[in-house]
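Trainee: Going by the working numbering, 271 is the number at position 242 of the sequence shown; the sequence numbering is gapless. Idealized CB from N, CA, C, for every residue including glycine.
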Amino acid sequence: IKSAEIVCTSNVSEENLCRMVKDADGILYMQALSYPITRKVIECGKKLKFISSAGVGYERIDVQAATDNGVVVMNMPVGTTVSVAEHTVALILACAKNLVKAHENVVKGGWRLLAMGVELWNKTLGIIGFGRIGREVAKRMKGFEMNILVYDPYVKEDEIRNMGGRKVDLETLLRESDIVSIHSPLTKETEGLIGEEELRLMKPTAILINTARGELVDEDALIKALKERRISYAGLDVFRQEPINKDNPLLALDNVVLTPHMAVQTLDAVIRMMNQNGIQVEKALNGIYENVVNPEVLTKLKK
């Protein structure tokens, strides 16, 4: 970013952020650090024109407050796609093959692991949300010769069929899938998408994968289902509260693989994301806005 002075901070308290944005034209927001950009912070930025999230997520930015104050909010939907898709595949394999249990067994001096894994060949993968990441996951899992079911009310049947999948409703997907992988955006409509009722539809041998957002799953209902072995396994990179609480019951379960919201944390993705975000911010400083999540602000700016 050549046309601006860049000021960085590791103190992400609301008070300090208010001081930081007082004379700022824009905010480059790091979603992975999990600090909120509140209404108060936005209103402290009297000259603030935009907030650019260095990633797909922007739910910790008060978008309504930004809109009310004429501030453009942008995200970076492309740079992390491959890394998240690959991490999803890694979680699927780790759960299906009992890799964590096997590793722990060897470290403790054991050798044979009684808990057997399962093959992916000819099994059914259900993908909830068929955006960029969901499609990349489908491409990779077709390599394992899996059958692909897709639930996404916003994607046409032909698009899904052309990628080797079959469009179904959510209930059918949950009943028929051996692995369910969530890739939906977090909205008011999708929060708690997978709850007690949905988990009861799944096979007792099924695996649930979530690399999207923790709030998409009723965590208490999931814990109960895992404890009661109503589903076989869960691979989770995201949680309702992050960092995860030390007393979270998930940590005591033996049929989970948990990672610390790290799906995007590859060197390749971070370099790509920061380069692309730098270009996006440079354009925004010159009044050109891309990947805007509150486009109604642009309409106001044109008037």
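Sort Ile156, Lys152 and Lys126 by Cα distance to Leu143 and report the nearest one.
Mentor: Minimum Cα distance to Leu143 is reached at Lys126.
Trainee: Skipping 5 residues on each side, what residues in its chain have a beta carbon closer than 7 Å to that of Cys73?
Mentor: Cys47, Val50 and Lys51.
Trainee: How far does the alpha helix (DSSP H) with Ala53 in it extend, from its first residue to its last?
Mentor: Taken as a continuous stretch (DSSP letters only), Ala53 belongs to no alpha helix (DSSP H), as it is neither H nor E.
Trainee: State the DSSP-derived secondary structure class of Gly163, mapped to helix, strand or coil.
Mentor: Helix.
Trainee: For a quick check, are the C-beta atoms of Val85 and Ile157 less than 8 Å apart?
Mentor: Not in contact: Val85 and Ile157 (Cβ atoms no closer than 8 Å).
Trainee: Which full runs of the beta strand (DSSP E) of 3+ residues lie inside the segment 214-268, going along the chain?
Mentor: The segment 214-268 contains these whole beta strand (DSSP E) runs: 236-239 and 262-265.
Trainee: Any chance you could list the beta strand (DSSP E) runs of at least 3 consecutive residues sitting entirely within the segment 96-145, in chain order?
Mentor: With a minimum length of 3 residues, the continuous beta strand (DSSP E) runs that stay inside the segment 96-145 are 101-103.
Trainee: Taking the Cβ atom as the reference point for each residue, do Ser81 and Ala313 lie within a distance shorter than 8 Å?
Mentor: The answer is yes: Cβ separation under 8 Å.
Trainee: At a cut-off of 7 Å, is Thr67 close to the ligand ZN when judged by its beta-carbon and the heavy atoms of the ligand?
Mentor: As far as ligands go, the structure on display features none, and thus does not contain the ligand ZN.
Trainee: Rounded to a whole number of angstroms, what is the C-alpha to C-alpha distance between Pro182 and Asp198?
Mentor: Spanning the two alpha carbons is a distance of roughly 8 Å.
Trainee: From Val326, Ile252, Leu265 and Leu228, pick the residue whose C-alpha is nearest to that of Thr288; which is it?
Mentor: For Thr288, the nearest C-alpha among the options comes from Leu265.
Trainee: Can you tell which of Ala235, Leu228 and Glu244 has its C-alpha closest to the C-alpha of Glu218?
Mentor: Minimum Cα distance to Glu218 is reached at Glu244.
Trainee: Rounding to the nearest angstrom, what Cα-Cα distance links Gly146 and Asn315 in this structure?
Mentor: So the alpha carbons of these two residues sit roughly 55 Å apart.
Trainee: If you draw a straight line from the alpha carbon of Ser261 to that of Leu280, how long is it in whole angstroms?
Mentor: Going from the Cα of Ser261 to the Cα of Leu280 covers about 16 Å.
Trainee: Helix, strand or coil: how does DSSP classify Gly158 here?
Mentor: Gly158: coil per DSSP, three-state reduction.
Trainee: Which whole-angstrom value is the C-beta distance of Ile121 and Phe159, which I expect to be below 8 Å?
Mentor: Contact flag wrong, Cβ pair sits at about 17 Å.
Trainee: Expressed to the nearest angstrom, what Euclidean distance is found between the alpha-carbon atoms of Thr8 and Ile71?
Mentor: What the structure shows of the chain is the stretch from 30 to 332, and residue 8 is not part of that stretch, so it cannot be assessed.
Trainee: Less than 6 Å between C-beta atoms, sequence neighbours within five positions excluded: which residues of the same chain meet that for Ile162?
Mentor: Only Thr110, Val113, Ala114 and His212 meet the Cβ criterion.
Trainee: Tell me which residues share the same chain as Ser32 and place their Cβ nearer than 8 Å to its Cβ, disregarding the 5 neighbours each side in the sequence.
Mentor: Correct list, in chain order: Glu311, Leu314 and Asn315.
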